[in-house]
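K.L.:
One structure, pasted below without further comment.
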Amino acid sequence: MVIGGGAPISVQSMTKTAPEDVRGTRSQVRRLARAGAQLVRLTVPGLDAAKAFARVRRGSPVPLVADTHFDPRVAMAALDAGADKVRVNPGNTRSTALREFARESGKRRVPVRIGVNSGSVYHRKGRSRNLARDMASTALAAARRFEDWGQRRVVLSMKAPTVLDTVLACRIVAEKSDYPLHLGVTAAGPQDLAAAKSFAALGALLVDGIGDTLRFSFTGDPVEEVRAGLALLTAMGLRSEGPEILSCPTCGRCRVDLPGLVAAVRRALSAVEDPLTVAVMGCVVNGPGEARDADVGLAGAADGSLVLFAGGRRLRRIGKPTAAVRALAAEVRRMARGRRRRK
Ligand code: SF4
Numbered sequence: 523m524v525i526g527g528g529a530p531i532s533v534q535s536m537t538k539t540a541p542e543d544v545r546g547t548r549s550q551v552r553r554l555a556r557a558g559a560q561l562v563r564l565t566v567p568g569l570d571a572a573k574a575f576a577r578v579r580r581g582s583p584v585p586l587v588a589d590t591h592f593d594p595r596v597a598m599a600a601l602d603a604g605a606d607k608v609r610v611n612p613g614n615t616r617s618t619a620l621r622e623f624a625r626e627s628g629k630r631r632v633p634v635r636i637g638v639n640s641g642s643v644y645h646r647k648g649r650s651r652n653l654a655r656d657m658a659s660t661a662l663a664a665a666r667r668f669e670d671w672g673q674r675r676v677v678l679s680m681k682a683p684t685v686l687d688t689v690l691a692c693r694i695v696a697e698k699s700d701y702p703l704h705l706g707v708t709a710a711g712p713q714d715l716a717a718a719k720s721f722a723a724l725g726a727l728l729v730d731g732i733g734d735t736l737r738f739s740f741t742g743d744p745v746e747e748v749r750a751g752l753a754l755l756t757a758m759g760l761r762s763e764g765p766e767i768l769s770c771p772t773c774g775r776c777r778v779d780l781p782g783l784v785a786a787v788r789r790a791l792s793a794v795e796d797p798l799t800v801a802v803m804g805c806v807v808n809g810p811g812e813a814r815d816a817d818v819g820l821a822g823a824a825d826g827s828l829v830l831f832a833g834g835r836r837l838r839r840i841g842k843p844t845a846a847v848r849a850l851a852a853e854v855r856r857m858a859r860g861r862r863r864r865k
């Protein structure tokens with residue numbers, strides 16, 4: 523896979539299993555890959571963990587990133603363990619001590635993420651009045667050293683727990699360099715708050731064309747991080763895979779079980795990779811309009827039946843929700859096949 527240089531923006535996550543739990547980590551990597559993660563990061567806190575990483579790496583369905591801190595020997599061991607990318611933290615590892623690792627990873631063409639977090643910048647520099655500028659300058663200085671040492675495959679990240687610091691740090695780096703950027707908010711909190719922060723920060727950056735890969739960080743199930751990342755890319759029109767489902771919030775006019783219907787449609791289309799729009803709407807107020815505008819759509823009627831639309835045309839009325847979902851999925855597949863043939 524490619525990060526940067528105009529490649530599609532990738533979504534990643536991180537396993538939360540103990541590094542020595544090879545079986546549990548393998549299973550979590552597979553769950554994340556099934557949910558749509560294109561890259562998965564594993565913590566590698568020491569040399570033993572690097573050995574476990576090598577075992578998880580064998581047979582992994584997606585590239586794996588080794589997350590290292592403090593000890594440059596661990597970053598080197600992660601290279602030997604077959605890491606597809608290694609993350610180092612210049613906030614807690616002296617970058618001069620990383621010279622050998624930079625040379626070796628450059629020689630082996632293994633990319634490196636220089637990941638600066640607000641916490642570790644404070645740890646080294648003390649609290650300053652301008653966190654965003656400190657994070658940006660720490661990342662850029664480390665990246666330039668790595669280039670001098672022969673490592674040009676560098677991705678940068680600058681993460682803080684606040685939307686503003688994260689956005690400002692990334693903007694500074696994007697203005698001063700063209701390194702690919704990994705976006706994320708660190709220590710973002712429980713899922714609802716973390717999702718809000720990440721949508722705000724990453725959305726603001728992506729609107730400006732900043733960002734090449736991203737991770738949502740939740741205190742919780744990492745599969746939810748992947749789902750949120752994919753949802754953000756879909757919402758911003760930056761994802762070229764999978765249908766986008768448009769559905770109304772429902773209100774007192776709705777005579778169908780719209781949440782149940784939307785869940786059934788999602789399940790029915792889970793294997794579809796083509797970027798189509800699918801509307802699932804509650805009633806005649808906005809239903810027929812949205813369903814006509816989408817590639818394929820269903821709109822609820824006052825008697826509880828559903829009307830199927832495809833390609834802007836009303837096709838037919840269907841009484842049972844299960845039959846309506848089957849018919850919609852068939853139209854989606856037919857339309858996707860037609861588009862692929864025309865390409
Ligand atoms: Fe309510 Fe109908 Fe609008 Fe849905 S489309 S929110 S059911 S008025």
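Its first residue numbered 523, the sequence shown is counted upward by one per residue in this note's numbering.
Even for Gly, the Cβ is constructed at its ideal location relative to N, Cα and C.
With a 10 Å radius around its C-beta and 16 neighbouring C-beta atoms as the bar for buried, classify Lys-607 as buried or exposed.
P.N.:
By the neighbour-count rule (16 or more Cβ atoms within 10 Å), Lys-607 is buried.
K.L.:
Determine the burial state of Glu-622: buried for a count of at least 16 other Cβ atoms within 10 Å of its Cβ, exposed for fewer.
P.N.:
So Glu-622 ends up on the exposed side.
K.L.:
Would you mind giving the Cβ-Cβ distance between Arg-635 and Ser-679, rounded to the nearest angstrom? I have them listed as a contact below 8 Å.
P.N.:
Contact flag correct, Cβ pair sits at about 6 Å.
K.L.:
Do you know offhand how far Phe-740's Cα is from Gln-713's?
P.N.:
One C-alpha to the other measures close to 5 Å.
K.L.:
Out of curiosity, what's the CA-to-CA distance linking Ala-624 and Leu-728?
P.N.:
Cα to Cα, Ala-624 sits roughly 29 Å from Leu-728.
K.L.:
Under 8 Å, with one C-beta from each stretch per pair, do the stretch 731-739 and the stretch 701-717 reach the 3-pair mark?
P.N.:
Touching, per the Cβ criterion.
K.L.:
Could you name each continuous alpha helix (DSSP H) segment of 4 residues or more that falls completely within the stretch 769-796, going from the start of the chain to the end?
P.N.:
Those alpha helix (DSSP H) runs which fall completely within the stretch 769-796 and span 4+ residues are 780-790.
K.L.:
Between which two residues does the beta strand (DSSP E) carrying Ser-535 extend?
P.N.:
532-536 is the span of the beta strand (DSSP E), which, as asked, contains Ser-535.
K.L.:
In the structure shown, what three-state DSSP assignment does Ile-525 receive?
P.N.:
The answer is coil: DSSP assigns Ile-525 none of H, G, I, E or B.
K.L.:
Which residues are close to the ligand SF4, meaning CB closer than 6 Å to any heavy atom, in chain order?
P.N.:
Checking every Cβ against the heavy atoms of the ligand SF4 under 6 Å gives Cys-770, Pro-771, Thr-772, Cys-773, Arg-775, Cys-776, Met-803, Gly-804, Cys-805, Val-807, Asn-808 and Gly-809.
K.L.:
Taking just the CA atoms, how far does Ala-599 sit from Ala-605?
P.N.:
Approximately 9 Å, taken between the alpha carbons.
K.L.:
Quick one: is Glu-747 buried, meaning 16 or more other Cβ sit within 10 Å of its Cβ, or exposed?
P.N.:
Buried, because 16 or more other Cβ atoms sit within 10 Å of the Cβ of Glu-747.
K.L.:
Identify whether Ile-840 lies in helix, strand or coil by the three-state DSSP scheme.
P.N.:
Looking at Ile-840 - three-state DSSP - the assignment turns out to be strand.
K.L.:
Alpha carbons only, please: which of Thr-756, Ser-699, Asp-743 and Tyr-701 is nearest the one belonging to Val-721?
P.N.:
Per the sequence shown, residue 721 should be read as Phe rather than Val. Closest option to Phe-721, Cα to Cα, is Thr-756.
K.L.:
Where Ala-529 and Leu-850 are concerned, what is the direct C-alpha to C-alpha distance, given to the nearest angstrom?
P.N.:
Using only the alpha carbons, I get a separation of about 32 Å.
K.L.:
Runs of 4 residues minimum, wholly inside the stretch 636-710: which ones carry the alpha helix (DSSP H) assignment?
P.N.:
Whole alpha helix (DSSP H) segments, 4+ residues: 640-647, 653-670 and 685-698.
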